[in-house]
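Following: one structure in structure tokens, then a few remarks.
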Amino acid sequence: MGRFAVMTLTDAAVSRVREIVESRAGAVGIRVGVKKGGCAGMEYTIDLATEAKPGDDVIEKDGAKVFVAPEAVLFLLGTQMDFEVTTLRTGFVFNNPNQTSACGCGESVELKPASPESLRQMQGAA
815 MGRFAVMTLT DAAVSRVREI VESRAGAVGI RVGVKKGGCA GMEYTIDLAT
865 EAKPGDDVIE KDGAKVFVAP EAVLFLLGTQ MDFEVTTLRT GFVFNNPNQT
915 SACGCGESVE LKPASPESLR QMQGAA
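Residue numbers (this note's numbering): 815 to 940.
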């Protein structure tokens, strides 16, 4: 059975991750996770990564590395990570099929873990 990627990255996300890493000494990528917080219950986290941690999933595309914290995998399964620049906001955007709602301010989301069926579909596609 093949290994599947927890998340996918758009070209814009890849470019931004590479820019971040190239501008920070010792950085090898970024680490994405989730934490409890905000009015909807959970928030995405993005931190600079200087090394892989035990259990991290690693997504590599065109020289960009994104590490996914093990406790976040089921919440991020099938997510597309993008980077958008708009008039009012610039930043990473997560198009997440596990998101059930978001708060009005857009800073927090409600997430459900991926279902066993979703996991089987991802494994079948790998």
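Glycine included, every Cβ here is placed at the ideal spot set by N, Cα and C.
Look at Arg845 here: in three-state DSSP terms it is strand. In this structure, Phe889 places its C-beta atom within 8 Å of the C-beta atom of Asn912. At a cut-off of 3 residues, the continuous stretches assigned as beta strand (DSSP E) that sit fully inside the segment 826–885 are 843–851, 855–863, 871–875, 878–882.
For Ala827 and Val872, the gap between their C-alpha atoms comes out near 15 Å.
Following the DSSP letters along the chain, one finds Val820 in no beta strand (DSSP E), marked with neither H nor E.
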